[in-house]
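Under our numbering, read the sequence shown as residues 9 to 200, first letter to last.
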Amino acid sequence: MTEESQQDSAPSPETGGPRRGAPGRAPQPLPDNPVRVALLDLLAETGTVTATAAAARLGYSSGLCSFHLRQLARHGLVEEAPHRGGRSRPWRLRWDAPDRPGRAAREFTTLARDLEDESHQRWLDRRERLPVEWQEDHSFSAVVHLSPAELADVAARVRELLATYRERDRNPAARPADAVAVAAVTRLFPLL
Numbered sequence: 009m010t011e012e013s014q015q016d017s018a019p020s021p022e023t024g025g026p027r028r029g030a031p032g033r034a035p036q037p038l039p040d041n042p043v044r045v046a047l048l049d050l051l052a053e054t055g056t057v058t059a060t061a062a063a064a065r066l067g068y069s070s071g072l073c074s075f076h077l078r079q080l081a082r083h084g085l086v087e088e089a090p091h092r093g094g095r096s097r098p099w100r101l102r103w104d105a106p107d108r109p110g111r112a113a114r115e116f117t118t119l120a121r122d123l124e125d126e127s128h129q130r131w132l133d134r135r136e137r138l139p140v141e142w143q144e145d146h147s148f149s150a151v152v153h154l155s156p157a158e159l160a161d162v163a164a165r166v167r168e169l170l171a172t173y174r175e176r177d178r179n180p181a182a183r184p185a186d187a188v189a190v191a192a193v194t195r196l197f198p199l200l
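Shown next, in the form of structure tokens:
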């Protein structure tokens with residue numbers, strides 16, 4: 009182990025927790041890991057989850073889930089969801105994961121899209137078992153001609169619309185009784 013890696017793994021003098029690496033240095037890309045992939049998939053499906061709930065759903069220990077959730081947070085893929093304190097720490101995906109150059113950004117984008125596609129396919133495969141009001145496919149696509157500024161405007165409008173429902177993430181009591189986590193996937197890109 010190098011002196012630098014020993015320093016990174018030593019407890020932080022400020023918090024007593026693990027060091028987050030040298031200031032200004034981006035974390036190294038996360039290697040593929042089945043626990044992390046399962047956690048990201050679960051978060052994409054449920055919206056928020058605690059390490060204990062993830063452990064129950066995925067069959068891993070809560071300590072292992074907690075460790076991997078913290079690693080995903082360290083790399084900017086998940087964040088703590090607002091909560092009322094206590095020992096329970098709910099986590100959620102960061103759809104606005106920080107911009108990272110090169111391979112790490114591409115890997116995150118690919119992973120996020122794969123999770124979205126898997127979630128959609130799972131719904132398609134199982135929707136006939138759901139109540140009738142959850143069986144209709146509201147997916148749509150369109151090809152439109154936009155300038156770069158208009159494309160950015162469309163993206164901003166979609167984000168604004170979805171932001172009106174964000175309070176429900178922070179305050180489950182604000183959700184209608186029949187509300188469930190719904191994936192809202194937007195892919196805006198020029199056709200080549």
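Just so you know, even glycine gets a beta-carbon here, dropped at the ideal spot from N, CA and C.
Item                                                                                                 : Value
Proximity winner among T58, A182 and A171, relative to G93 (alpha-carbon distances)                  : T58
Cβ neighbours of V100 in the same chain (closer than 7 Å, five flanking residues each side left out) : This sequence places Arg at residue 100; Val is not what is there. The answer, listed in chain order, is L51, G55, T56, V86, E87, A89 and D177.
Distance, H153 Cα to H83 Cα                                                                          : 35 Å
Contact check, L138 vs L196, beta carbons under 8 Å                                                  : no
Delimiting residues of the alpha helix (DSSP H) encompassing E168                                    : P156 to A171
The beta strand (DSSP E) enclosing V86, as first and last residue numbers                            : V86 to E88
Residues bridged to T56 [DSSP beta-bridge criterion]                                                 : R100
Buried or exposed (CB count within 10 angstroms, at least 16 for buried), R44                        : buried
Span separating the alpha-carbon of P184 from that of R174                                           : 13 Å
Opening and closing residue of the alpha helix (DSSP H) in which L77 lies                            : S70 to R82
Neighbour-count burial assignment, A171, 16 or more Cβ in a 10 Å radius                              : exposed
Beta-carbon proximity check, A46 vs L72, cutoff 8 Å                                                  : no
Proximal residues to A182 (C-beta, below 6 Å), its chain only, five neighbours per side dropped      : E175 and R176
Cα-Cα separation, S147 to T194                                                                       : 10 Å
Candidates V151, A63, E168 and L123: closest to L199 by CA position                                  : V151
Neighbourhood of D49 by C-beta, 8 Å cutoff - its chain only, sequence neighbours within 5 removed    : L123, E126 and S127
Beta-carbon gap between H91 and N41 smaller than 8 Å                                                 : no
Reduced DSSP secondary structure (H/G/I, E/B, other) of P180                                         : helix
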